[in-house]
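Asker: Quick one: structure below, then a few questions.
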Amino acid sequence: MLKGIKKAFDDVKKSIEDSQRLRREAEEEQRRQEAEYIASLRQGRIPTVQSSLLLNPSEFCYLEAPVTYRRELKSGTQDTKGILTVTNTRIFFTTPNGSGSWKINIDNVMAVNPLGAQFELKMGGAKGSGFFITPVPHAGLIIESAAKLSKRLMVMYSDEQGPKSRKISQEVRVMVWQRDQGRCVECGASEYLEFDHIIPFSKGGGNTEANIQLLCRNCNLRKSNKI
Ligand SMILES: [Zn+2]
């Protein structure tokens, strides 16, 4: 009889220990995935999401989240509730009745300061600066990475020399950038990237997505020495 009670007791104890262990493992796994997600956001690998807005054909959405937009005005703190939509080219703030809505080019983002569950946006113009409070984690980081991706592309547009026929369209650049995840396809570097013709333009290679890849300056130089 006592033995039976002891066994029942041990069984209960074991099942509690098992469930505690499983919970610990699940928490560890969650932390690991979170760290991985943050690291990939920093590298410019931002997952795309569906948007309720009508976007341009070459535009894709990185974030759509309910936010409270908080501004410190002379008259005091002003909170406005709305939806924040971030794409590869624009940021939209949409209020339920439309008043106080705005949209800006993502290149106007000057700085993003994450502050716990909220973040602060500093814009080049008057529009859009202020604090944003949202339940979506890492929203500030998503905007920061989207702005960096966009600005790197801008640098490469202005850098480009040569005859017009060699120019790669913005649509192809955006597609290639997304496909290659903002990294050199040879070495994985994310700095000093250039759009490279896989088959050189001089040898009949085209400006299509299939013939363009991202290479860092070093790998691009190495390649052109070989050809
Ligand atoms: Zn490289």
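Just so you know, we're using full-length UniProt numbering here: the sequence shown kicks off at 1 and counts up by one. Note that the Cβ used here is the ideal one computed from N, Cα and C, for glycine as well.
(1) Just how far apart, CA to CA, sit residue 114 and residue 141?
(2) For the beta strand (DSSP E) containing residue 82, name the first residue and the last one.
(3) Can you check the UniProt domain "HNH nuclease" (171-221) for any beta strand (DSSP E) of at least 3 residues that lies completely inside it and give the ranges in chain order?
(4) In three-state terms, what does DSSP make of residue 154?
(5) Per DSSP, which one or two residues make a beta bridge with residue 136?
(6) Which residue's Cα is closest to the Cα of residue 63: 72, 217 and 86?
(7) With C-beta atoms as the reference, is residue 192 less than 8 Å away from residue 217?
(8) Between residue 175 and residue 200, what straight-line distance do the alpha-carbon atoms span, to the nearest angstrom?
(9) Residue 185 to residue 212, Cα distance in whole Å?
Answerer: So, from the data block:
(1) Locating residue 114 in the sequence shown gives position 114, where the first residue counts as 1. Locating residue 141 in the sequence shown gives position 141, where the first residue counts as 1. Going from the Cα of residue 114 to the Cα of residue 141 covers about 7 Å.
(2) As a first step, residue 82 must be located in the sequence shown, where it is residue number 82. Residues 76-87.
(3) 193-197 and 212-216
(4) Counting from 1 along the sequence shown, the entry for residue 154 is found at position 154. With a pLDDT of only 44 at residue 154, under the threshold of 50, the placement of this residue in the model should not be trusted, and no figure is reported.
(5) Locating residue 136 in the sequence shown gives position 136, where the first residue counts as 1. Paired residues: none, contrary to the question.
(6) As a position in the sequence shown, residue 63 is number 63, starting the count at 1. For the residues 72, 217 and 86, the minimum Cα distance to residue 63 belongs to 86.
(7) By 1-based counting over the sequence shown, the position of residue 192 is 192. By 1-based counting over the sequence shown, the position of residue 217 is 217. Cβ distance < 8 Å, so residue 192 and residue 217 count as in contact.
(8) Numbered from 1 along the sequence shown, position 175 holds the residue referred to as residue 175. Numbered from 1 along the sequence shown, position 200 holds the residue referred to as residue 200. Using only the alpha carbons, I get a separation of about 19 Å.
(9) To locate residue 185, count along the sequence shown from 1; it is residue 185. To locate residue 212, count along the sequence shown from 1; it is residue 212. Approximately 11 Å between the Cα atoms of the pair.
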